[in-house]
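These protein sequences, in sequence, are chains A and B.
Quick note, the first sequence lines up with residues 1 to 376 if you use the numbering used here.
Quick note, the second sequence lines up with residues 1001 to 1393 if you use the numbering used here.
Structure first, then comments.
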Amino acid sequence: MTTHAVPDLLDSEVVSDLRAAVRDLLADRCPVGAVTACYDGDRSLVAPLWRAVGVDLGLAGLLVDEDRGGHGASLREAAAVAEELAAAVAPVPFVTSAVVATTVLAHAGTPEADRLLADLAGGQVTASLVVPWTTAPEGRVPAVGARVAVRSVAGALEAHVLLVPTGAGDALELRAVPVGDGVTVEPVVSLDMTRQLADVTVDAAALAAAPVVATDARDALRAGLRAGTAVLAAEQVGLARRCLVDTVAYLQQRRQFGRVLGGFQALKHRLADVYVEVESMGAAAAFAVGTLADVDDDLEQALVTAVAAAACSDTAVRVAEEMVQLHAGLAMTWEHPAHLLLKRAKSDQLALGSPERHRAVVARLADLDPPGTRLG
Amino acid sequence: MSAAAELRERVAAFLAEHDPATTERLDLLRARYDAGLAWVHFPPGRGGLGLPRALQPVVEEAFAAVGAPDNAPHRNGIGLGMAAPTIVAFGTPEQQDRFLRPLWTGEETWCQLFSEPGAGSDLAALGTRAVLDGDTWVVDGQKVWTSGAHTARFAILVARTDPDVPKHRGLTYFLCDMTDPGVEVRPLRQLTGEAEFNEVFLTGVRIPDAHRLGEVGEGWRVATATLDHERVAIGAGSPARESGMVGRVAETWRAHPEARTPGLHDRLVRHWVDAEVARAAGLRLQQKLARGQLGPEGAAMKLVFARLAQQLSGLEVELLGDDGLRYSDWTLVRPDRVDFTGRDAGYRYLRAKGNSIEGGTSEILRNIVAERVLGLPGEPRVDKDVPWKEIPR
Ligand SMILES: Cc1cc2nc3c(=O)[nH]c(=O)nc-3n(C[C@H](O)[C@H](O)[C@H](O)COP(=O)(O)OP(=O)(O)OC[C@H]3O[C@@H](n4cnc5c(N)ncnc54)[C@H](O)[C@@H]3O)c2cc1C
């Protein structure tokens, strides 16, 4: 098996600074109470927070080339941003618009796509790829016919433009449908209301009137979903790290039986295991992100992305569940942020492909055939 | 020119002067040490060039590419992975001059005289005594589980020099000559059948004060540094995909389509993913090491490594079905190397049990991660301020 040069797995100074900027902004502008309010139907945090993050900090255009008004940054920067956003469970369409939709458009290679990219770069316009949020990068993209009805689309609620894959098989094309006449975006009561899903319909007339942004869209879609999957792994690292840090801090001050709970070995060992898993998933996500940024090898990219997704999806859930158990009654309350992290982690586990789907990709690419396949 | 390219040129220049085809193996290794191409992250004059550790593979690849003989690292894991970095960090210039070159070339291999029958996890409780007689220390006691003591020329040794102070404070670290007449090495047979480790009896062993590493009473600090290196040495793994235990199991899987079941496949792929994740974590740790100092993070790597080695080797026995019930050889042999992925599946399964014990058990490593990395409270210590000699045993 070929081994590629190892990508840089540590933060550059630029990335560290970016992290700090995002973290500072979120500490200020993304209070827990306002995030929790999303679950009560109050989404008043979403638009101003996106304006602060996407427009004022300029993160909407992070992955857009400089000559289209973006920053021309690499996926490493995007991953760091996603990690920080996740740590605050910030309800903004960064992954869906600034990573997935943006990467799809960047690979579409049409003047129409380029124009749209320039719009996205400013952050005033956001886009969403109209596929179920469970769609995996290496699978078949579920395209639609003349009339569109797609369930459980992420980022559609915030989107001004919907990227709709139409046609089938080899003739997959992508249209950019403005949200307006002939389009419905029906909010769904979601497990994770901080990335609330929507059911989308586009009628035949609206679809026919929409510009084609890619004629053979398969590679662009795969690139977008793959970048999204790697960045989602970083998001899961952000969730898990927040869970770990908060849980350690809590057990360092919570006393029972006349002792600090964090001094009981049963709990120390559980936290040590969590730390090891969080460090490991962090390395796996960095490896995937670094490979997508540096290594021009399609199969290697697919493999390391699937590895990171399989590992990070399950680990984030496990760590969030540990947070709940170790905060006990407190974590069962609406006020405490543990449930925000748990709900995001559990939704993320299914997002962009389940761990089992990713493991199937690993098995195929690593030459670990399932039963029933013969040698030769 | 990049640092790696410069280094490659340096190796090429060295090889132009020392043709591996015509140079004696030892002469070549010694010259390589003197040229700073042994371990590039070591200081100049000590076999290195003071370069980032991450550049070492560049050198190894360049030498391997021309078929140059290596320094047989499998036979001297403790010397290379533990004794050497400790000697560089704490040794006097004379000690570094005396020990490092023959250690690296493999002319002198090393073992680790730390554990005792009464001091395993609680290493600081050890009772082997060292008493100063003029400018020589006289050492009496018993060590156990000493891997490679039967081949080692020298040992890193921790002994008690002051029994009247609490246990961590009365220890001193020595470099012990295994050919001293007071050193007796007896094989200790392992569950694999072989005797990789030994019991070592020390009776009136004489160690010159010049072979003391660090100050008197500072032994615990020096030993902790050694143990941090040990965990990295055991846990860091290899940078290539499928190069460790996972590679053996994957080969078996590919070679035995008739043995495949959905359940085994699911476990295999999960472990394969975990092994890739661990590889990424090991690579990132190396990049961290290259930037700064070694900390307790090596403990985390070793925890993962041990769990994976055990899961994978257990899976391989199951995969092999009938053949999994066979074992290569129970004969007592005293191997001259440690090879976690050697021999047959049954051997690997049994040997891997040691991975969560040697170099600190997984329980102790979890304590270390919890306390030194996460900052959680230490274990309750009944022996904390008690002079060592008053601790009940
Ligand atoms: C293959 C092999 C090679 C070795 N080679 C060497 C060598 O070359 N040189 C050398 O010096 N030593 C060597 N060792 C020894 C090794 O370092 C010790 O075995 C190890 O430190 C554990 O000590 P012990 O066996 O006495 O177990 P004990 O310390 O008696 O532990 C028994 C059990 O209790 C647990 N335990 C102990 N303390 C705690 C605690 N505070 N909290 C929770 N659980 C605890 C342990 O994890 C373990 O499960 C080797 C061991 C093996 C298996």
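Using N, Cα and C, we set each Cβ at its ideal position, and we do this for glycine too.
Boundaries of the beta strand (DSSP E) in which residue i is found, first to last residue
i	result
G329 (chain A)	Here G329 (chain A) belongs to no beta strand (DSSP E), and DSSP marks it neither H nor E.
W1039 (chain B)	That residue, W1039 (chain B), is in no beta strand (DSSP E); it is neither H nor E in DSSP.
Q1142 (chain B)	T1136 to K1143
E1199 (chain B)	F1197 to P1208
W1104 (chain B)	Counting along the chain, W1104 (chain B) falls outside any beta strand (DSSP E), though it belongs to the alpha helix (DSSP H) covering P1093 to T1105.
E1184 (chain B)	V1183 to L1188
V1131 (chain B)	R1129 to D1133
Y1394 (chain B)	The structure shown has nothing for residue 1394 (chain B), since chain B only spans 1001 to 1393.
Counted within 10 angstroms of its Cβ, other Cβ atoms place residue i as buried (16 or more) or exposed
i	result
D1019 (chain B)	exposed
W334 (chain A)	exposed
A1370 (chain B)	buried
L330 (chain A)	exposed
K1302 (chain B)	buried
E1242 (chain B)	buried
P137 (chain A)	buried
R344 (chain A)	buried
P7 (chain A)	buried
T1105 (chain B)	buried
R175 (chain A)	buried
G1378 (chain B)	exposed
E1024 (chain B)	exposed
L1132 (chain B)	exposed
W1330 (chain B)	exposed
V1382 (chain B)	exposed
F257 (chain A)	exposed
E1009 (chain B)	exposed
S1121 (chain B)	exposed
M1178 (chain B)	buried
First and last residue of the uninterrupted alpha helix (DSSP H) at residue i
i	result
V148 (chain A)	Segment V148 to A154 is the beta strand (DSSP E) holding V148 (chain A); no alpha helix (DSSP H) there.
D294 (chain A)	Q265 to D294
L49 (chain A)	V46 to W50
A16 (chain A)	The residue asked about is misnamed: residue 16 (chain A) is Ser in this sequence, not Ala. Where S16 (chain A) is concerned, the enclosing alpha helix (DSSP H) stretches over E13 to R29.
Q1286 (chain B)	P1262 to R1291
S1362 (chain B)	S1362 to I1368
F1408 (chain B)	Past the boundaries of the shown model lies residue 1408 (chain B); chain B is included only from 1001 to 1393, so the question cannot be answered.
V104 (chain A)	T102 to A108
P165 (chain A)	Where P165 (chain A) is concerned, there is no enclosing alpha helix (DSSP H), although the beta strand (DSSP E) it sits in stretches over V161 to T166.
Option nearest residue i by Cα separation, candidates the options
i	options	result
L163 (chain A)	A:E138, A:P211 and A:D192	A:P211
V1396 (chain B)	B:G1148, B:I1078, B:R1075 and B:P1208	The displayed coordinates of chain B run from 1001 to 1393. Any statement about residue 1396 (chain B) would go beyond what the structure contains.
P165 (chain A)	A:E83, A:V32, A:E112 and A:V131	A:V131
V202 (chain A)	A:G155, A:D294, A:V150 and A:A234	A:V150
A1223 (chain B)	B:A1083, B:A1210 and B:F1197	B:A1083
M323 (chain A)	A:A285, A:D367 and A:L239	A:L239
L365 (chain A)	A:D297, A:L352, A:A143 and A:P111	A:D297
R1343 (chain B)	B:E1358, B:G1036, B:I1357 and B:R1326	B:R1326
P370 (chain A)	B:K1389, B:G1324, B:D1266 and B:A1281	B:D1266
A1195 (chain B)	B:S1002, B:R1260 and B:T1146	B:T1146
G1081 (chain B)	B:A1233, B:I1391 and B:P1093	B:A1233
F1197 (chain B)	B:S1115, B:G1219 and B:A1278	B:S1115
A234 (chain A)	A:R23, A:A80 and A:L62	A:A80
I1364 (chain B)	A:H336, A:R270 and A:P337	A:R270
Partner residues on chain B for residue i, Cβ-Cβ distance less than 8 Å
i	result
V248 (chain A)	L1374, G1375 and L1376
Q236 (chain A)	Neighbours of Q236 (chain A) on chain B: none; closest Cβ ~13 Å, over 8 Å.
Contact set between residue i and chain B, taken where Cβ atoms lie within less than 9 Å
i	result
R359 (chain A)	D1266, V1269, R1270, W1272 and V1273
G262 (chain A)	A1370, L1374, G1375, L1376 and P1377
Q265 (chain A)	E1363, R1366, N1367, A1370 and E1379
Within chain B, the residues that residue i reaches when beta carbons sit closer than 7 Å
i	result
V362 (chain A)	V1269, W1272 and V1273
A136 (chain A)	Under the 7 Å cutoff, chain B gives no residues; its nearest Cβ is about 15 Å from A136 (chain A).
A310 (chain A)	V1273
Near ligand 2: residue i beta-carbon under 7 Å from a heavy atom
i	result
E1316 (chain B)	Ligands present in the displayed structure are limited to ligand 1, and ligand 2 is not among them.
Interface partners of residue i on chain A, CB under 9 Å
i	result
Q1287 (chain B)	V6, D8, L9 and L10
A1300 (chain B)	A272, Y275, V276, E279 and S280
Neighbouring residues, chain A, relative to residue i (Cβ below 7 Å)
i	result
V1304 (chain B)	V276 and S280
T1261 (chain B)	P371
E1316 (chain B)	The contacting residues do not exist; E1316 (chain B) stays about 13 Å from chain A at best.
Amino acids of chain A, ordered along the chain, whose beta-carbon sits closer than 8 Å to that of residue i
i	result
L1283 (chain B)	V6, L9, A283 and F287
- prompt: Can you give, in chain order, each stretch of the beta strand (DSSP E) that sits fully within the segment 176 to 251 of chain A and has at least 3 residues?
  reply: Correct list: 183 to 187, 197 to 202 and 212 to 214.
Point to revise | Whole runs of the alpha helix (DSSP H) within the segment 1002 to 1066 of chain B, excluding any shorter than 4 residues | key: Taken in chain order, the unbroken stretches of alpha helix (DSSP H) that lie wholly in the segment 1002 to 1066 of chain B and span 4 residues or more are 1003 to 1017, 1025 to 1034 and 1056 to 1065.
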